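Per the UniProt record's numbering, residue 1 is the first one in the sequence shown, and the count goes up by one each step. All C-beta atoms in this analysis are idealised placements derived from N, C-alpha and C, irrespective of residue type, glycine included. From a predicted model like this one, the values you see are computed outputs, not experimental measurements. Note sheet for the following structure.
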Amino acid sequence: MLVRNTVSSSLSFVVSFVGLWALVTLADMNEVLAAAIGFTGAQMVHYALARGWIFPDSERRMATGFVIFLLNAGLGMAITLGLYAALLEWTSMNYLVARVLVSVFAGLAMFVSNATLNFRKV
1 MLVRNTVSSS LSFVVSFVGL WALVTLADMN EVLAAAIGFT GAQMVHYALA
51 RGWIFPDSER RMATGFVIFL LNAGLGMAIT LGLYAALLEW TSMNYLVARV
101 LVSVFAGLAM FVSNATLNFR KV
């Protein structure tokens, strides 16, 4: 399950990362706003993979699971954007490097939360 989550999270992160890069580089968007938009798109990809591949035997109805997933994604977004904004504000770290670093912490927190609270499988 953790391996499948890692693959799914990695694919989702690529969506988020490419979105972040494109919005900042091509649309001259603020890095934190671009990260929020990229994160949101990535979560839609991740839910589809989580529901069908990581936790296929979940006993939750899809609609209920999706609502809980969205609440968990809100927690993940808060962690991601909070840490990301802090790194950008208080360090000279490149915005893409900061996003990679933050993804490790936020990704693990979201996996544990989804596995225990939503899909009920660890």
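Asked, Found
"Can you tell me where the alpha helix (DSSP H) with glutamate 59 in it begins and where it stops?", "That residue, glutamate 59, is in no alpha helix (DSSP H); it is neither H nor E in DSSP."
"Rounded to whole angstroms, how far is the Cβ of alanine 50 from the Cβ of methionine 77, which I believe are closer than 8 Å?", "With 8 Å as the limit, alanine 50 and methionine 77 do not qualify as a contact, their Cβ atoms being about 16 Å apart."
"Take asparagine 94 as the anchor and find which of Val3, Val24, Val14, Leu117 has the nearest alpha-carbon.", "Val24"
"Suppose the cutoff is 8 Å on Cβ atoms and the five residues either side in sequence are ignored; what does the same chain contact list for threonine 91 look like?", "Ala98"
"DSSP on serine 103, reduced to helix/strand/coil?", "helix"
"Which residue's Cα is closest to the Cα of methionine 110: Ala73, Glu89, Gly82, Leu87?", "Ala73"
"Can you give me the C-alpha to C-alpha distance between leucine 108 and alanine 86, rounded to a whole angstrom?", "19 Å"
"Is the number of C-beta pairs between the stretch 42-59 and the stretch 12-31 that are closer than 8 Å three or more?", "yes"
"Extract the residue ranges of the alpha helix (DSSP H) inside the UniProt domain \"GtrA/DPMS transmembrane\" (11-117), only unbroken runs of 4 or more that lie entirely within it.", "31-49, 62-90, 95-113"
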